[in-house]
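Note sheet for the following structure.
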Amino acid sequence: MTDPRRFIPRTDAVLADPRLAEALARLGRARVKAAVGDAQRRARQGAITPAQVVESALDELTASGSRRVVNATGVLLHTNLGRAPLSPAAIEAVRAAAGTTDVELDLVTGRRGRRGTAAMAALARAVPGAGDVHVVNNNAAALVLAATALAQGREIVVSRGELVEIGDGFRLPDLMASTGARLREVGTTNRTSVADYADAIGPDTGFVLKVHPSNYRIEGFAGTPEVAELAGLGVPLVADAGSGLLSPDPALPDEPDAATWLAHGADLVTASGDKLLGGPQCGLLLGRADLVERLRRHPLARALRVDKLTLAALEATIEGPPPPTALALHADPAELLRRARTLAVRLADKGLEVEAVASVARVGGGGAPGVELASAAVALEESLAEPLRLGDPPVLGRVERGRFLLDLRAVPPVDDQVLFDAVVAVCG
54 MTDPRRFIPR
64 TDAVLADPRL
74 AEALARLGRA
84 RVKAAVGDAQ
94 RRARQGAITP
104 AQVVESALDE
114 LTASGSRRVV
124 NATGVLLHTN
134 LGRAPLSPAA
144 IEAVRAAAGT
154 TDVELDLVTG
164 RRGRRGTAAM
174 AALARAVPGA
184 GDVHVVNNNA
194 AALVLAATAL
204 AQGREIVVSR
214 GELVEIGDGF
224 RLPDLMASTG
234 ARLREVGTTN
244 RTSVADYADA
254 IGPDTGFVLK
264 VHPSNYRIEG
274 FAGTPEVAEL
284 AGLGVPLVAD
294 AGSGLLSPDP
304 ALPDEPDAAT
314 WLAHGADLVT
324 ASGDKLLGGP
334 QCGLLLGRAD
344 LVERLRRHPL
354 ARALRVDKLT
364 LAALEATIEG
374 PPPPTALALH
384 ADPAELLRRA
394 RTLAVRLADK
404 GLEVEAVASV
414 ARVGGGGAPG
424 VELASAAVAL
434 EESLAEPLRL
444 GDPPVLGRVE
454 RGRFLLDLRA
464 VPPVDDQVLF
474 DAVVAVCG
């Protein structure tokens, strides 16, 4: 009998197949050719038939690189899922900025201008209490720049209870030490007083660092001074707000925000752009004009600067309509339950064991630790977790008490049909 693997189509023949035309135009010949080669190899191994080479190559091209997923985990800012999804306005701004732009050109004079003038102006308008603003590529970079420019070879006074690990094994003490600054730890893990800070300040002090421990909380016999209590100690006060609120949010009354901390005396506030602000990954620096200018002119600032796409997305996030993160944070629990019940009824009509249930969502991304957000979910069999995660598009939920929950807090209503289709497809 003739071995069908002998009839594997030639590479040039596969690349000429009309079904690959769109992928060639979008991804380029080299990437498509590599996918075809992988598909041919699978055919030789007998994993697929020669007739399936084109389809297999297309599947690989679809699956490679970053994929859009549906976040039904109940975690609004899921670090593994890229934290904040951009708003339609920000996405459109990124598309416009993808071409040539005036990112560093003054069109009036025709001369070089300050990088990202429009984005910086939008950020300054959003936090009018800041004397000046600057943006780098993430909040860790903002802290590194501040430590390098203000305390290299000097001391940074910080509470022992605020020496946090910021994720993936990166620890604040190591981050600060890498800049050439020395940490002067004060107080204890659970309690630090203003006097502890004051006693540690001396000629070698570069600044006092106040860190919001955004990914954990200490309860019981604990306490640490507020920003207002640390202002006026005779050295700059740098405050890491972390989670990215620019102004108070009634949904998170205990979460710090940049405007309030500046009003209470912080000289420099750092924050993340891709958390509660709901924008692209970036680090925000807001505060005294002389300090911000000193950081902006430091040689390290060049290595930490953001690109034109980030600047465009940041401006659109600040000045545009509420981004998805804000909409999810302020979603009405009753409406979430109504959506869950509608989905459950539709899935039950397909013969599935399903129930609409109340659930609890969280902010995530190092924001508002311990805060629970009333939500609603569609409860399915636990066995559906893996096939839905491996589906197209991948759907991520969470397993809780032996059931697989698709929490709707972080799922925009427009994606309810996507969830329905995904569940029906894997249960087909």
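Residue 54 is where the sequence shown starts when you use my numbering, and the numbers rise one by one after that. Note that CB positions come from ideal geometry on N, CA and C, so glycine has one too.
8 Å contact criterion, which residue i and residue j should meet: CB distance rounded
i	j	result
residue 369	residue 140	7 Å
residue 249	residue 239	4 Å
residue 288	residue 323	So it is not a contact: roughly 17 Å between Cβ atoms.
residue 143	residue 376	7 Å
residue 187	residue 290	Not a contact, Cβ separation roughly 17 Å.
residue 421	residue 286	Going by Cβ atoms, the distance from residue 421 to residue 286 rounds to 28 Å, so no, they are not a contact pair.
residue 177	residue 183	6 Å
residue 299	residue 310	6 Å
residue 106	residue 96	5 Å
residue 126	residue 460	6 Å
residue 482	residue 462	Lying before the first or after the last residue shown, residue 482 is absent from the chain, which here runs from 54 to 481.
Between the CA atoms of residue j and residue i - distance to the nearest angstrom
i	j	result
residue 241	residue 217	13 Å
residue 464	residue 436	21 Å
residue 429	residue 453	13 Å
residue 82	residue 75	11 Å
residue 339	residue 441	42 Å
residue 424	residue 302	13 Å
residue 444	residue 371	34 Å
residue 179	residue 273	36 Å
residue 195	residue 205	14 Å
residue 315	residue 391	41 Å
residue 57	residue 103	Unreliable placement is indicated for residue 57, whose pLDDT of 49 sits below 50; the coordinate value is still reported in the next sentence. Rounded to the nearest angstrom, the two C-alpha atoms are 7 Å apart.
residue 336	residue 65	47 Å
residue 271	residue 277	10 Å
residue 402	residue 480	13 Å
residue 169	residue 350	15 Å
residue 119	residue 129	19 Å
residue 245	residue 292	16 Å
residue 382	residue 154	33 Å
residue 446	residue 408	22 Å
residue 295	residue 60	59 Å
residue 136	residue 159	33 Å
residue 198	residue 265	18 Å
residue 63	residue 79	22 Å
residue 279	residue 385	32 Å
Local conformation of residue i per DSSP, three classes
i	result
residue 418	coil
residue 398	helix
residue 151	coil
residue 423	coil
residue 263	strand
residue 176	helix
residue 273	coil
residue 407	coil
residue 230	helix
residue 136	coil
residue 323	strand
residue 214	helix
residue 297	coil
residue 471	helix
residue 192	helix
residue 252	helix
residue 236	strand
residue 313	helix
residue 122	coil
residue 144	helix
residue 412	strand
Cβ neighbours of residue i in the same chain (closer than 6 Å, five flanking residues each side left out)
i	result
residue 172	364, 367, 368
residue 482	With the chain covering only 54 through 481, there is no way to say anything about residue 482.
Cβ neighbour criterion (16 or more within 10 Å) applied to residue i
i	result
residue 124	buried
residue 418	buried
residue 328	buried
residue 138	buried
residue 361	buried
residue 321	buried
residue 133	exposed
residue 478	exposed
residue 99	exposed
residue 157	exposed
residue 466	exposed
7 Å CB neighbourhood of residue i in its chain, flanking five on each side removed
i	result
residue 281	317, 318
residue 185	342, 345, 346
residue 434	406, 457
Proximal residues to residue i (C-beta, below 8 Å), its chain only, five neighbours per side dropped
i	result
residue 85	68, 73, 76, 77, 110, 114
residue 438	450, 452, 457
residue 224	216, 217, 218
residue 193	219, 223, 228, 336
residue 207	234, 235, 257, 258, 259
residue 163	none
residue 473	396, 399, 400
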